[in-house]
Each structure stands twice: as structure tokens, then as C-alpha cells.
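One line per chain: the protein sequences are A and B, in this order. Once you know that position 77 of the first sequence is 77 in my numbering, the rest is easy, because the numbers rise by one and skip nothing. One gets my numbering by counting positions in the second sequence from 1 and adding 209 to each. Think of the CB as a built atom: it goes at the ideal place given N, C-alpha and C, for glycine as much as any other residue.
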Amino acid sequence: MSVNFLISQAKNIQIVINENAAEIEALDQNIGDGDHIFNVQRGLKLVVELEDDIKNLPLQKGLNMIAMKVLSGIGGSSGALFGTFFMSMAKTPDLDKDIDFKKACEMVITGVNAMKERGKADVGEKTMMDVLIPVSEKLNELKSGNTDMKDGLSEIIKIAEDRMLGTKDMLATKGRASFLGERAKGHIDPGARSSQLIIDTICKSLINK
Amino acid sequence: MKKFINNVDDFLKESLNGFGKAHSDIIKVNFEPNFISRKTKTKEGKVSLISGGGSGHEPMHGGFVGHGMLDAACPGFVFSAPTPDQMQAAAEHVDSGAGVLFIVKNYSGDIMNFQMGAEMYSGKNDSIITNDDVAVEDSTFTTGRRGVAATVLVEKIVGSLAENGGSLEECKRLGEKVNKNSGTMGVAFTSCTVPAAGKPTFDIGNDEMEFGVGIHGEPGRKREKIQPSKTIVNNMLEAILDDLKPQKNEKTLLFINGMGGTPLTELYLVYDDACEILKSKGIEITRSLVGNYCTSLEMQGASITLLKCDEEILKKWDSPVHTAAMRWGM
Chain A
1 MSVNFLISQA KNIQIVINEN AAEIEALDQN IGDGDHIFNV QRGLKLVVEL EDDIKNLPLQ
61 KGLNMIAMKV LSGIGGSSGA LFGTFFMSMA KTPDLDKDID FKKACEMVIT GVNAMKERGK
121 ADVGEKTMMD VLIPVSEKLN ELKSGNTDMK DGLSEIIKIA EDRMLGTKDM LATKGRASFL
181 GERAKGHIDP GARSSQLIID TICKSLINK
Chain B
210 MKKFINNVDD FLKESLNGFG KAHSDIIKVN FEPNFISRKT KTKEGKVSLI SGGGSGHEPM
270 HGGFVGHGML DAACPGFVFS APTPDQMQAA AEHVDSGAGV LFIVKNYSGD IMNFQMGAEM
330 YSGKNDSIIT NDDVAVEDST FTTGRRGVAA TVLVEKIVGS LAENGGSLEE CKRLGEKVNK
390 NSGTMGVAFT SCTVPAAGKP TFDIGNDEME FGVGIHGEPG RKREKIQPSK TIVNNMLEAI
450 LDDLKPQKNE KTLLFINGMG GTPLTELYLV YDDACEILKS KGIEITRSLV GNYCTSLEMQ
510 GASITLLKCD EEILKKWDSP VHTAAMRWGM
């Protein structure tokens with residue numbers, strides 16, 4: 001993993017998110033207030049625009065700059081959560097050494113744990129954490145096991161999709177959807193959908209490399 | 210979408226520019242990061258009050274910056290919580306050494322961003338969270354009740370205490386007391402349209418209303434057929450009284466708040482209905498506030514807030530205030 005890797009992933013994700021923007025917006029209007037997709041799009045645009053400023057920086061510095069950009073440029077819950085994610089990833093030890101798959105797993109796990117702490121949300125609450133936590137747990141397993149990386153990534157794609165779909169029948173207990181009670185049932189959580197798309201995009205690009 | 214817009218991306222900046230020019234005698238708008246502060250420096254020893262939230266609720270919160278109320282307000286994008294660097298910059302700008310009290314409405318995004326802002330600010334600070342909306346159930350397992358129109362009352366009443374030398378601890382205590390003693394219930398007849406979205410946030414029939422709506426057009430308790438004002442107001446008050454349980458002859462402040470698209474004529478009619486119903490229940494209305502203070506863009510609808518008042522609250526409510534949206538006694 002390097003700053004250039006992060007930028008190229010952000011570009012891929014931007015394309016996928018833009019393609020699915022109408023769907024995510026509609027999901028959010030069902031159970032939220034419709035701002036999620038704009039926040040995600042704004043964040044991706046800001047990160048992609050950072051390219052010239054950060055492309056030659058060491059990973060830790062690059063991550064910190066991405067974190068500050070996301071934190072100050074997005075707003076809402078997404079800004080705080082994704083900002084926290086990058087900020088904590090940057091705190092993973094030994095980022096100045098070569099980043100192999102194991103290390104990358106460790107970084108993502110650190111980031112997801114920090115998001116969990118910040119949002120005080122766990123699985124089963126109809127939020128993006130329903131996708132991110134199980135993915136992070138799987139990464140933890142892969143990090144210490146002997147599974148082939150590409151097989152592991154395929155499993156992650158599957159987990160993210162299942163968990164995203166699983167939010168459909170949940171009652172929300174966090175975020176704005178929580179105010180709906182029973183009425184939130186039957187709708188996929190927009191944050192879970194955008195997170196799943198992000199994970200799907202990254203995993204597929206690594207598998208096809 | 211029909212709105213006064215030049216370019217969606219410039220919407221907030223241009224609106225803040227206008228606000229700054231229109232009220233240059235009271236406030237100053239700072240950009241990048243965005244915050245509105247008083248024109249004059251916070252006097253030494255005075256606790257600074259900072260609030261903020263997504264834009265689209267004007268005059269909340271920028272309209273409440275000035276003598277007797279807030280020291281600064283941090284506006285986020287429309288209906289999106291402001292970012293931590295805004296709160297940090299605002300705190301650094303206004304704190305005179307007596308500390309900063311953040312007043313935060315109970316919405317996940319606001320809570321997280323204010324928390325991070327507070328962590329990033331090195332000076333003494335504390336926060337109060339408002340959650341006056343009785344439409345949603347309060348439970349330790351959920352995000353809990355939303356912070357809505359009573360935030361205006363908290364900012365006015367705590368603002369007076371801070372202006373008169375109250376300490377950070379005293380301001381926090383009074384803010385929590387006002388929050389605990391108030392209950393709000395909202396109803397919407399139409400949706401609002403977020404400029405970036407370009408279309409209404411929710412669909413609602415011509416003869417329908419959303420009972421218990423939040424201030425972003427997020428759904429509330431139930432969707433119902435529209436009814437005569439007396440029936441709607443009675444149902445709203447019942448929900449509030451169930452929660453607040455005021456004593457007989459208890460003094461209250463009755464606050465009828467417009468959501469942005471309902472004319473004052475109707476808000477006064479709601480006030481009349483509410484007075485009659487409260488009178489029949491033996492509840493004394495000692496203070497009133499009617500107008501658009503905590504809005505949801507152009508949404509048609511209103512919220513009712515009832516605040517149980519003791520002598521301390523009444524005294525602080527009556528004391529002078531001079532902001533863009535509220536002015537009396539000076």
C-alpha cells in the first residue's frame with residue numbers, strides 16, 4: 001500500500017459511487033434525509049483532488065492529510081467516521097516499512113475499530129458498521145491464516161454483500177433512521193450500501209491485478 | 210426545484226455572505242473554516258457559548274449570535290453536521306479564558322463532530338446535548354430523542370447566565386435543566402427540498418401530514434390525514450404533556466415554531482388553539498414565543514414547545530438579548 005495506491009482506489013471508487021448515486025440517494029430518502037450520497041461524493045472528490053499534494057509523501061503523512069481533508073470537507077456522520085478511519089490508519093505502527101497484505105489488514109482493522117468507538121455503533125444497528133465490522137473480523141482471520149489472498153478477497157466481497165443486504169430487515173437504533181421505528185424495516189441502509197460498494201471495488205481491483 | 214440559487218455549490222457561502230452584510234453591526238462571518246462570531250471580543254471571565262449544526266434551520270444558530278445568547282455558531286452544509294475544525298477554530302476565536310460550552314442537538318453527526326472538535330480544542334470546555342423531541346422514544350439502546358426547537362430556549366436562557374458571569378459548570382447545569390423541562394412535538398404538511406438534492410426529501414399526499422416530524426423532514430411517529438387545527442394541536446400537546454407531566458398551575462413558556470413554509474397568521478392560530486387547550490388543563494402560560502426560529506428550509510408545518518419555568522428560568526428569559534433573530538430589553 002502506498003499513497004498512489006490510495007489515490008488510484010479513490011478514483012475507482014468515485015466511478016462506482018457515481019454510477020450508483022441515484023440508488024443510494026433513494027435509499028437514504030426512504031429512511032434518512034438524503035445527504036449521505038452527497039457527503040460521500042464530496043469526500044471522494046476532495047481526496048482525488050489531493051493527488052498532486054500528496055503523491056510523493058510517505059504513507060503516514062499522506063493518510064493524515066487525507067484524514068484532515070475528509071474530516072474538514074465532508075461534514076455529517078460520514079465525515080466524522082471516515083475521517084476517524086484514516087486518522088487511526090495513520091497511527092498503525094511501522095508504516096515507513098514495506099506494506100504487505102498482513103500490514104494492510106492491520107491498518108484497516110485499526111481504522112474500523114476506531115470508527116466503532118467514535119460512532120458507538122455495533123453490528124445489528126442498521127448502519128455502515130454492519131458491513132465494516134464483519135469485513136474487519138474476516139481480515140483479522142486472513143491476516144493470521146494461510147488463505148490465498150485472492151480467495152480471501154473473494155470471501156470478503158461475499159461477506160460485504162450479504163451483510164449489506166442483511167440491513168434490509170433490521171430495525172435501526174443509530175442515526176437518523178432510528179427515528180422511524182418499524183418503518184425503517186424493508187429498506188437497505190444507505191451507509192451499508194456505499195461501504196459495500198467501496199469494499200467491492202477495492203477487492204475486485206486487487207483480485208484482477 | 211424553485212429557489213433563489215445561482216450555483217448549488219455556492220449556496221451556503223453566498224447566504225452566509227448576505228447574513229454577514231445584513232447584520233454587520235452584531236456579527237462577523239469567518240470563512241474556511243466557517244463560523245459566525247460576535248463582532249466584539251468575548252469579555253474576560255465570560256464563558257463562551259458555541260452552537261452549530263447543519264444549515265437550513267435559519268435563523269438557528271447564526272441568528273442567535275450576539276449579546277445575551279451565543280458567542281459563535283458553526284454552520285455545516287444544508288442538513289449536514291459542521292466539521293470539527295470549525296468548532297476548534299470558533300473556540301479558539303471566542304474563548305476569553307473562562308471556557309467554552311458547546312450546545313449540541315442530539316443527532317449522530319452533530320454529536321460525533323462536536324466531540325472531535327472538543328477533543329481538538331486545548332482549552333477548558335464542556336458540552337450539553339439537547340433532546341427535547343417527544344416524538345421519538347428515549348431509550349438507552351437508541352440514539353434517543355432528537356434535539357429540536359427547545360435548543361433556541363436553551364441558548365437564550367444559558368446565554369443570559371453566561372452574560373452575567375455564570376461559570377462553565379453553572380451554565381451547563383442550567384442548560385440541562387432547561388432541556389429537561391422542555392418538550393417539543395412537530396407536524397409537517399409538505400416536504401422540504403435540499404438544494405443539492407434538487408427534489409423533495411419525502412413524498413406526502415395533499416391531504417396528509419407527518420405527525421412527529423424531525424427538523425430535516427425525517428419521518429416521525431405516523432402519517433395521518435390532515436385534521437382541523439384544534440385536533441392537531443390537541444394531539445401535539447397531549448404527546449408533550451404525557452412526557453413533561455406539568456403540575457396544575459405550573460408556569461410555562463409556550464413556543465410555537467414555524468418550519469419555514471407556514472405563515473405567521475397560521476402560527477398565531479395554533480397559539481390560540483394551544484392556549485385554550487392548556488387553559489382547560491389548568492396550565493398557566495406565563496411567556497410566549499411565536500415565529501420561525503428553528504426551521505426546515507421551506508417545509509410547511511409547525512412545532513410546539515412547552516417549557517416548565519421556575520423563577521430562575523423566567524428571569525434569564527426576560528433579560529436583554531440582541532441578536533439578528535431575537536432582540537428585546539436593549
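- DSSP places Thr110 (chain A) within a helical segment (H, G or I) once states are collapsed to three.
- Pairing Ala290 (chain B) with Leu258 (chain B) gives a Cβ-Cβ distance that is not under 9 Å.
- Counting only Cβ-Cβ distances below 7 Å, Met278 (chain B) has no contacts in chain A at all, with the closest Cβ about 24 Å away.
- By alpha-carbon distance to Phe213 (chain B), the top candidate from B:Gly421, B:Glu447, B:Val403, B:Gly262 is B:Val403.
- Counting only residues of its own chain and dropping the five nearest sequence neighbours on each side, Gly332 (chain B) has a CB closer than 6 Å to the CB of Asp304.
- When rounded, the separation of the alpha-carbon atoms in Pro293 (chain B) and Gly254 (chain B) is 25 Å.
- Neighbours of Glu301 (chain B) across chain A, judged by C-beta separation under 7 Å, do not exist; the nearest C-beta is about 15 Å away.
- Taken in chain order, the unbroken stretches of alpha helix (DSSP H) that lie wholly in the segment 212 to 259 of chain B and span 4 residues or more are 220 to 231.
- Per DSSP, reduced to three states, the secondary structure at Ala281 (chain B) is strand.
- For Val345 (chain B), a Cβ of chain A is located within less than 9 Å of the residue's own Cβ.
- At a cut-off of 9 Å between C-beta atoms, Thr360 (chain B) does not count as an interface residue with respect to chain A.
- Chain-ordered, the chain A residues with CB closer than 8 Å to the CB of Pro242 (chain B) read Ser72.
- Per the Cβ contact rule, the segment 357 to 365 of chain B is in contact with the segment 374 to 390 of chain B (3 or more Cβ pairs under 8 Å).
- In the structure shown, Ala406 (chain B) falls within a coil segment according to DSSP collapsed to helix, strand and coil.
- For Thr339 (chain B), the enclosing beta strand (DSSP E) has its first and last residue at 334 to 339.
- Nearest to Lys517 (chain B) by C-alpha distance, out of B:Ile413, B:Thr393, B:Val256, is B:Thr393.
- Nearest neighbour of Asn390 (chain B) by Cα position, chosen from B:Glu378, B:Tyr330, B:Gly429, B:Gln456, turns out to be B:Gln456.
- Using a Cβ-Cβ distance cut-off of 8 Å, the segment 491 to 502 of chain B and the segment 467 to 475 of chain B are in contact, since at least three pairs of beta carbons, one from each stretch, lie closer than that value.
- Rounded to the nearest whole angstrom, the C-alpha separation of Ser489 (chain B) and Gly175 (chain A) is 38 Å.
- Residue range 190 to 207 is occupied by the alpha helix (DSSP H) that includes Thr201 (chain A), with no beta strand (DSSP E) assigned at that position.
- When only Cα atoms are considered, Gly407 (chain B) and Asp35 (chain A) end up about 12 Å apart.
- The CB of Asn39 (chain A) comes closer than 7 Å to the CB of Ser289 in chain B, given here in chain order.
- Among the CB atoms of chain B, none fall inside 9 Å of the CB of Thr110 (chain A).
- The beta carbons of Leu310 (chain B) and Ile338 (chain B) sit no closer together than 9 Å.
- In chain order, Gly318, Met321, Asn322, Met325 make up the part of chain B whose C-beta sits under 7 Å from the C-beta of Ala80 (chain A).
- In this structure, the beta-carbon distance from Lys248 (chain B) to Lys237 (chain B) falls below 9 Å.
- Sixteen is the threshold: since fewer than 16 other Cβ atoms of the shown chains lie within 10 Å of the Cβ of Asp519 (chain B), the residue is exposed.
- According to DSSP, Glu419 (chain B) shares a beta bridge with B:Ala397, B:Arg432.
- Relative to Gly73 (chain A), the option among B:His302, B:Asn243, B:Asn373 whose CA is nearest is B:Asn243.
- Within chain A, Gly75 have C-beta atoms less than 7 Å from the C-beta of Phe286 (chain B), given in sequence order.
- Annotation: Glu507 (chain B) to Asp219 (chain B) spans about 19 Å, alpha carbon to alpha carbon.
- Ranking A:Gly62, A:Ile37, A:Leu27 by CA distance to the CA of Asn4 (chain A) puts A:Gly62 first.
- Under the three-state reduction of DSSP output, Leu95 (chain A) falls in the coil class, being neither helix nor strand.
- For Pro409 (chain B), the closest C-alpha among the options B:Gly395, B:Gly426, B:Gly353 is that of B:Gly426.
- For Val3 (chain A), the three-state secondary structure derived from DSSP is helix.
- In the pairwise beta carbon analysis, the segment 64 to 81 of chain A is classified as not touching the segment 439 to 450 of chain B: fewer than three pairs are separated by under 8 Å.
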